[in-house]
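Trainee:
Numbering (our numbering), first residue to last: 2 to 156.
#1: Taking the alpha-carbon positions, what's the residue 19 to residue 49 distance?
#2: Leaving aside the five residues before and after residue 70 along the sequence, list all residues of the same chain whose C-beta is less than 8 Å from its C-beta, in chain order.
#3: At what residues does the beta strand (DSSP E) containing residue 146 begin and finish?
#4: So, is residue 34 buried or exposed, given that buried needs 16 or more other C-beta atoms within 10 angstroms?
#5: Apart from the five residues on each side of it in sequence, which residues of its chain come closer than 7 Å, Cβ to Cβ, to residue 92?
#6: State yes or no: is the C-beta of residue 121 within less than 7 Å of the C-beta of residue 37?
#7: Counting along the chain, where does the alpha helix (DSSP H) carrying residue 21 start and finish?
#8: Could you pull the DSSP bridge partners for residue 134 from this structure?
#9: Helix or strand or just coil, what does DSSP make of residue 123?
#10: According to DSSP, is residue 49 helix, strand or coil?
#11: Return helix, strand or coil for residue 77, following the three-state DSSP convention.
#12: Relative to the alpha-carbon of residue 30, which residue among 131, 150 and 123 has its alpha-carbon at the smallest distance?
#13: For the putative contact between residue 59 and residue 97, defined by C-beta atoms under 8 Å, what is the C-beta separation to the nearest angstrom?
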């Protein structure tokens with residue numbers, strides 16, 4: 002990621018810092034597609050205490066990396082934590098999907114391998130969405146994306 006910092010400090014300990022990205026984000030508004038902008042600019046996105054924060058979400062299925070479909074959906078859950086929302090991200094006009102793991106082994110979705118943070122940047126014809134997990138990174142290039150949060154059980 003270019004602006005968001007996810008740094009491993011020790012076994013199971015990370016430094017998460019989206020501040021530089023949040024400082025740059027207003028300058029990206031005109032360059033990001035509308036859905037990508039709405040998701041990136043959501044005040045809960047990087048608020049670690051908010052129910053709609055992306056940190057610690059668990060990916061349910063790994064996207065295909067060969068011949069990416071034009072449309073792609075990723076489903077994330079919060080695991081067994083009540084009162085926190087799951088998330089579905091729907092991408093349109095997907096042109097590439099890259100999955101990189103630390104040990105070159107297949108990506109294993111699990112509570113251990115949860116989403117640390119993400120970053121959305123402009124790209125020709127749309128945007129890139131880079132998602133950093135505990136032991137892997139997924140980077141999707143698409144025309145746009147839209148998100149749908151599950152309603153909280155406390156609503």
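All C-beta atoms, glycine included, are put in the ideal place defined by N, C-alpha and C.
Note that this is a predicted model, so its numbers are computed, not measured.
Mentor: Quick answer:
#1: Taking the first residue of the chain shown as 1, we reach residue 19 at position 18. Taking the first residue of the chain shown as 1, we reach residue 49 at position 48. Each residue's Cα considered, the two are about 11 Å apart.
#2: Mapped onto the chain shown, residue 70 falls at position 69. Cβ within range, chain order: 95.
#3: Locating residue 146 in the chain shown gives position 145, where the first residue counts as 1. Counted as a single uninterrupted DSSP element, the beta strand (DSSP E) harbouring residue 146 occupies residues 145-150.
#4: As a position in the chain shown, residue 34 is number 33, starting the count at 1. Counting other Cβ atoms within 10 Å of its Cβ, residue 34 reaches 16 or more and is therefore classed as buried.
#5: In the chain shown, the residue the question calls residue 92 occupies position 91. Taken in chain order, the residues that qualify are 72, 73, 141, 143 and 146.
#6: Against the chain shown, residue 121 aligns to sequence position 120. Against the chain shown, residue 37 aligns to sequence position 36. Cβ distance < 7 Å, so residue 121 and residue 37 count as in contact.
#7: Translated into positions along the chain shown, residue 21 becomes position 20. Residue 21: member of the alpha helix (DSSP H) spanning 20-29, first to last residue.
#8: Position 133 of the chain shown, counting from 1, holds the residue named residue 134. 116, per the DSSP bridge assignment.
#9: Reading the chain shown from its first residue, position 122 is the one you call residue 123. Residue 123 falls in the strand class under three-state DSSP.
#10: Against the chain shown, residue 49 aligns to sequence position 48. Secondary structure at residue 49: coil, using DSSP grouped into helix, strand and coil.
#11: To locate residue 77, count along the chain shown from 1; it is residue 76. Correct three-state label for residue 77: strand.
#12: Numbered from its first residue, the chain shown carries residue 30 at position 29. The shortest Cα separation from residue 30 among 131, 150 and 123 belongs to 123.
#13: Numbered from 1 along the chain shown, position 58 holds the residue referred to as residue 59. Numbered from 1 along the chain shown, position 96 holds the residue referred to as residue 97. Contact doesn't hold; Cβ gap of about 24 Å is too wide.
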